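The structure appears below as structure tokens.
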Amino acid sequence: MCILPATFAGSPRYMHARMQDVMTYVRKYGRPGLFITFTCNPKWYAIAKQLMPGQSAYDRADFIVRVYHLKLGKLMDVITKGQVLGAVCCRMHTIEWQKRGLAHAHILIWLCDKIEATEFDHLISAEISDPSADPELYEIVTTNMIYSPCGSPYNYTSCHNSDSKCTRQYPRDFVSKIITGSDGYPLYRRRSPAAGGFTAVVKGHHVDNRWVVPYSPLLTKAFNAHINVEYCHSVRSIKYVCKYISKGTDAAMFGVRQEGSIDEIQDFLTGRVISIREGPWHIFSFPIHARFLAIVQLPVHLENDELRYFSADTAMDVAACTKDTTLTAFFKLCRQDEFARSLLYPDVPSYYVWTKKNTWARWKCGANFEGYPGVKKDATLGRVFTVPPSRQECFYLRLLLHEVSGPTSYNNLRTVNGVLCDTFREACLRLCLLEDDSQWDATMA
């Protein structure tokens, strides 16, 4: 078996790791506040002015990706540093490409202050703007934020399912004022023309507010692009959104192979689909994923069962040289540092930095921690690697590391009320961590 590791950007393992990173933010800050989709606009002036006579933007993929990369960076600065939508705790985005080749970013934003129902109208609009009050915004909205009218009588049904209904649920219903549905999802205000809503002619068809994709008037006008802004309404939607932004790129492959012969590298190379405008993005080494705050990945392993990497020439040297992992170094830290004994394993990166010497050292920057002189708290978060229940002892070890503060060794972690348990599972039982199905519910959630 040949694997394609998570260190290769864009691989399935890489995208799965990004999914776990998103859930780390959810564990710390709860559900994200906003889900934003930012799509490239090939008609941007910055692209058009560089074209030679007779050229279109689609002839210069290098212009498109360079300008979009700059615009995306500016958008993230406006949201995080400018705080136009509110103070931001953390954020994450992933780049994808449409079937027609245009780049778009899926962005999750965690706000420090949760959005109240009374604030929806100030942040998100689902209506055609007033052409007399702001003709520029009206032009941008009608050009970029109208869902292509589908169904009868528009003769466009590619988005319809087997029941002849739009998979995007358009056209939406008219709503006189924003309300919150029974599932917590806000129904944005969409006034009918009779109630004061505006209309427009798009692609030869008269459209009203039922066809408007929710947007932020400020961001849409500032960037002249399709920027869909949605409120993340409930915890039930979080994993869908998190998986959606980390699902990876398009892939297509069909073939027959011998059972047991798995080559993830060859499967990836054979199956991936790269558009003409995605290629330059990778050539320029632009990232397909970015996040803030930083997340430190923490491995978990049984005693003397840590991973070692070596080649045929270095096997003896690697076997003779024992290096601490983040877990074994955590045990040593707890034996030497009083403050560390108050921490859980996932909390360590917030107060200590992993050094090149394979040791934990206190952060030298950050906020002072009250009661412990010399201890500073950084915004960095820790994420313990996922362990499936099939790896029984390692699974229970991971469970204990999330429940027991300051363990000084594997044996210490297995000790409950002065009794050294034979297994980590027995320790979990003695700590009443397996009394009901709550742990299994959390595992499968």
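With the UniProt record's numbering applied, the sequence shown covers 1 to 445. From the three backbone atoms N, C-alpha and C, an ideal C-beta is built for every residue, glycine too. Remember, it's a predicted structure, so these values are computed and weren't measured experimentally.
C-alpha distance - residue i paired with residue j, whole-angstrom precision
i: L70; j: G374; result: 40 angstroms
i: R277; j: G54; result: 19 angstroms
i: A57; j: I64; result: 7 angstroms
i: I107; j: A290; result: 10 angstroms
i: E426; j: V384; result: 21 angstroms
i: Q20; j: V387; result: 12 angstroms
i: G82; j: L219; result: 12 angstroms
i: H122; j: G371; result: 42 angstroms
i: C2; j: S261; result: 9 angstroms
i: G406; j: A340; result: 6 angstroms
i: A61; j: P280; result: 7 angstroms
i: K332; j: T408; result: 6 angstroms
i: K177; j: P193; result: 14 angstroms
i: R27; j: A6; result: 22 angstroms
i: G30; j: G382; result: 15 angstroms
i: Y147; j: V202; result: 10 angstroms
i: residue 455; j: M76; result: Given a span of 1 to 445 for the chain in the structure shown, any question on residue 455 remains unanswerable.
i: V353; j: H206; result: 59 angstroms
i: K376; j: D337; result: 14 angstroms
Residue i: CB within 7 angstroms of a non-hydrogen atom of the ligand MG
i: I288; result: The ligand MG is absent from the structure shown, which contains no ligands of any kind.
Exposure of residue i, with buried meaning 16 or more beta-carbon neighbours within 10 Å
i: L307; result: exposed
i: L413; result: buried
i: S216; result: buried
i: M52; result: exposed
i: D208; result: buried
i: S125; result: buried
i: H93; result: buried
i: F310; result: exposed
Coarse secondary structure for residue i, derived from DSSP in three states
i: F292; result: strand
i: C334; result: helix
i: D113; result: coil
i: H282; result: helix
i: Y14; result: helix
i: A87; result: coil
i: T94; result: strand
i: Q266; result: helix
*Where in the segment 28-80 do unbroken runs of the alpha helix (DSSP H), each at least 4 residues long, occur, reported from the N-terminal end onward?*
45-48 and 61-80
*Residue ranges of each alpha helix (DSSP H) run of no fewer than 4 residues wholly in the segment 342-428, ordered along the chain?*
392-401 and 410-413
*Meets three-Cβ-pair contact criterion under 8 angstroms: the segment 186-206 and the segment 121-132*: yes
*Do three or more CB pairs link the segment 105-123 to the segment 141-156 at distances below 8 angstroms?*
no
*So, do the segment 393-412 and the segment 35-53 have three or more beta carbon pairs nearer to each other than 8 angstroms?*
no
*At least three beta-carbon pairs within less than 8 angstroms, the segment 93-104 to the segment 266-281*: yes
_Could you check whether the segment 348-366 touches the segment 309-329, counting it as contact only if at least three pairs of C-beta atoms, one from each stretch, sit closer than 8 angstroms?_
yes
*Contained alpha helix (DSSP H) runs [length at least 4] in the segment 113-167, N- to C-terminal order*: 120-123 and 135-144
*asked:* Which runs of the beta strand (DSSP E) at least 3 residues long sit entirely within the segment 177-202? Give them in chain order.
replied: 200-202
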